[in-house]
Every structure is written in structure tokens, then in C-alpha cells.
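**Student:** Chains as they are written, first to last, in the numbering used here: chain A, 4 to 241; chain B, 13 to 254.
1. To which residues of the same chain is residue 207 of chain B closer than 6 Å at the C-beta, ignoring the five residues directly before and after it?
2. Does the distance from the C-beta atom of residue 224 of chain B to that of residue 45 of chain A stay below 8 Å?
3. Going by alpha carbons, who is nearest to residue 252 of chain B out of A:229, A:234 and A:196?
4. Please name the residue, chosen from B:88, B:153 and B:226, that lies closest to residue 107 of chain B on a Cα-to-Cα basis.
5. Leaving aside the five residues before and after residue 203 of chain B along the sequence, list all residues of the same chain whose C-beta is less than 6 Å from its C-beta, in chain order.
6. Under a three-way DSSP split, which group does residue 59 of chain B fall into?
7. When the Cβ atoms of the stretch 151-168 of chain A are set against those of the stretch 105-114 of chain A, are three or more pairs found closer than 8 Å?
8. Beta-carbon of residue 146 of chain B versus every beta-carbon of chain A: anything under 8 Å?
9. Could you confirm whether any beta carbon from chain A is found closer than 8 Å to the beta carbon of residue 232 of chain B?
10. Note down the Cα distance separating residue 143 of chain B from residue 134 of chain B, rounded to an integer number of angstroms.
11. Alpha carbon to alpha carbon, what distance is there between residue 105 of chain B and residue 133 of chain A?
12. Comparing alpha-carbon positions, which option in B:250, B:132 and B:187 lies nearest residue 231 of chain A?
13. Applying a beta-carbon distance threshold of less than 7 Å, which residues of chain A neighbour residue 249 of chain B?
14. Is there a C-beta anywhere in chain B that falls below 8 Å from the one on residue 197 of chain A?
15. Label residue 204 of chain A either buried or exposed according to how many other C-beta atoms from any shown protein chain fall within 10 Å of its C-beta, with 16 as the threshold for buried.
16. Does any residue of chain A bring its CB to less than 8 Å from the CB of residue 190 of chain B?
17. Does the beta carbon of residue 169 of chain B sit closer than 8 Å to a beta carbon anywhere in chain A?
18. Please go through the same chain and pick out, in chain order, the residues whose beta-carbon is closer than 7 Å to the beta-carbon of residue 236 of chain B, but skip the five residues on each side of it.
19. Check whether the Cβ of residue 233 of chain A lies closer than 8 Å to any Cβ atom in chain B.
20. Can you name the residues of chain A whose CB is closer than 8 Å to the CB of residue 219 of chain B?
21. Please classify residue 129 of chain A: is it buried, with 16 or more other beta-carbons within 10 angstroms of its beta-carbon, or exposed?
22. Please report how far the alpha carbon of residue 247 of chain B lies from the alpha carbon of residue 137 of chain B, in whole angstroms.
23. Between the stretch 177-187 of chain B and the stretch 55-71 of chain A, are three or more C-beta pairs nearer than 8 Å?
24. As a quick exercise: from A:143, A:241, A:168 and A:43, pick the residue whose alpha carbon is nearest that of residue 234 of chain B.
25. Is there a C-beta anywhere in chain B that falls below 8 Å from the one on residue 241 of chain A?
26. Less than 8 Å between the C-beta atoms of residue 228 of chain B and residue 218 of chain A, yes or no?
27. Suppose only complete runs of 3+ residues qualify. What are the beta strand (DSSP E) ranges in the stretch 128-176 of chain A, listed by chain order?
28. Between the Cα of residue 135 of chain A and those of A:104, A:165, A:121 and A:164, spot the shortest distance and give me the residue it belongs to.
Listed below in C-alpha cells is the structure:
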């Protein structure tokens, strides 16, 4: 057998058990959620156009091919998307922003202290309620609340970029001994794809004070600014 | 009955309700303490007709937000579960484990996976697997520390002040957020394969013989393309069309 074939076989054996569907971020996630309405594709958190605002973006059910598949994708009314904010540094959520669809609108609650933390949640209906009509591929709806929050929900172009096909070849061993392709030859699997997106912008005053950065003191890391610890979860109604 | 007469009838009935002035005062202005939660009147400290306040049931808001919701998927930093969990079973468990408290048990699996990736390339390069291992990365994290951070503290950090980015090579700022344009793949690959300088396994041809000295593992060769990062809220482009 040629050398490359031997490497491919050995590489494949070592990586046996790694799903072919592995892909970075959480795009095409674990089998139990892949393709379901709780499937989180990506999570972004960054400073908004207003310098004292933070934007949270959660994308779900990606990737979506353009046209019918995108137009037919809908948020599941039984799925609660929850942005979790830890502002004390203990990795337990101090505030949540909860998002759920009812009919043609997306409802937003919070930021509010959750009644219960962890894997199980109820909707904090007393935590401040806002709504925005769910956008389509052609019509964009946004809302702004009295306390300066902004809301959007609907399909958007997928902003994740990655040579997914080459990654699978590497992981399965068939690409050995080569790695990724150079720029120009590599291909972005997500270039023409879409994803359902929830975008909420929040004045930082509503998030509390940020704790010391968790990475300071780990390994060679120092000097990082105070930062919230945030994550997004998708929860299904029982 | 013709339609317009029916409408007039309905309007008349509705209008008559508007003129019902029920009060809990008698004709002398004395308060009658007869408010109840089923008298068809908003009285006492009710917040709406026959509901709310200190004595009646809470008012229905018209939309049902009741119920308990249980986690099926979760995400903090990009590229963690999928790249490091290895098996489907582990990935499912990772998604349903609570951040920090339940996730310490994933660290050994993550470390094994990190080494397994290096083993594949050891074989490909004809080097004994024991001789090609993960090398402490540019953040100074050794394998146990790196995989502990990934497994157990899988939250994204976002700073309220200053630049927010996963890593910006032009400013050197890192781990203060994640923007739509951050190349989280290259950043993650560099932390996994780049060694202390970030250039190990970068696919460069340093000896000038016309072929890469190592496989290119620190970058997937893909950038953001023509995605627009200058948009106002909601910051993301209209969906791709057919």
C-alpha cells in the first residue's frame, strides 16, 4: 500500500468514533440536538454601536440552504433560548434574558435574576417583557424598549466561516499527511448558507458590574479587563 | 337580519356597557365594602376586572408562558464541544451538563482528544507518536490547564469596556468577547497546534525547498469573505438567496 493510504487507515482507526459531523463552533452539534429546534449554531457577544451596550446573538438550526428551507425555518414555541450572564465570577447565572416565540412574535424577558439557576428554567414573566415581530427573508422588524434594549429575530446570512469539508477529511484521517488548504484553495462551507438568528442589544447598566476576568492568572495570561461570563442555552418545554 | 343591522345591534350593545358606571360608593359617597373577585367590576385593589390585587387570582396576560424548560443544548466559547469531545455520547453529555459544576469530568477526554489529533500527524510525518505531543500554547497553557479551561469554564467572556474581540492580531486584545467577524477557527487551531510561538504546524516553507515543512494546522485557510460587518442593528445581512 502507498504510504498515504497507510496513514489514512491508521489515522482513521485512531479517530474512529469521532463523528463525521464534527464541526467547529457548535454548528452541526451533538447527535441528540443536531437538526432539532434546540440546536444552537453559534453565540456572539460584543460591544454594540452604542459604546455602553452589549449585543448578544444566538443562531439556531443552522445551516439553512437559501430559498424554501430558509423560508420554512421557524422558531419552536416549545424552545426557550436563554442568555445567561454571570456578573460575580462563579459561573452561575445572575441574570437571564429569555427568548421564546408565540405566534408571529418573539417575546423577550429580562435581564432579570432567575427564579432558579441551572438546567431547568421557568419564564420570568415579571422580569420585563418585550416583543418583536419575527422577521422574514425580505421584511425586517426591530423593536426598541423604553430602557434602551433592541430586539430582532429571524433568518439571516450565516456569519460563521470554516472549511468544513477539509476539517472532516483531517479528522477522519483521509487528509493525512496534509493539513488545511492555503488561502485561495480552501473553501468556506457556509458562504452561501443562512441561519435563524436572535439579536438583542442591552445597555450595560442593566447587566450589573463585570467581575475580574476569569483568565487572569491562568498560565501566562494577565492584564485582561473585567468581563461578564456569558453563555446561551436552549431549553425544551417539558 | 341584514349584516349592517346586525352590526348596529352589536355596536349598541357594546356602547351600553360603556355607560355602566358601577361604583363601590353609595349615593352619599360612602364606600361600600362589597368588592369581590366575581362581581364583574374592577374594584378594591384589583388590577383588572375580578383579578389581581391582594385578594383575587392573578390576572391572565393572555399568552401562556407557563411551564418548565429543560436544557438540551448550550454554548459558551466557540469550537469546544464539537472539536474536543470526540464521541457522540460525550458531546451529548457535555450539552446537558451544567457549566463548571458537572463538567470537570470532561477534562480527561478533552486532553486525550487533543493528543489524538497530534498522534495523527505524528504518524503522517513518520514520527513516533510519543515524540509529537501538544506543546504549551501561546497563552502559556499546558495540556491539562488548557483542557480544564475548555471543559470546565466554557463561558464566553465579554467586557463592558474597551474593545470586544476573541482575538484581534492588530491590537493584541483577546478574550473580551466574540464579534461576527472574529476568526474563531484560526484562533482555536493556533491554540491547539501553534505551540509557544503560534507558528508550529503553520505549513510554512522555512527551509525554502518548495514544500511546506509541516502540515498547515493553525489556519483553515478561510476568511470572512464578502460578509458585511458595517451594518447597523441587527448587524447581520439579509439571508442568502437562491
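In this text, a Cβ means the ideal position worked out from N, Cα and C, and glycines have one as well. On a predicted model such as this, the values are computed, not experimentally measured, just so you know.
**Tutor:** According to the data block:
1. 147
2. no
3. A:196
4. B:88
5. 149
6. coil
7. yes
8. no
9. yes
10. 8 Å
11. 33 Å
12. B:187
13. 159 and 160
14. yes
15. buried
16. yes
17. yes
18. 193
19. yes
20. What residue 219 of chain B touches in chain A: nothing, since even the nearest Cβ is about 17 Å away.
21. exposed
22. 44 Å
23. no
24. A:168
25. yes
26. no
27. 132-136 and 153-160
28. A:104
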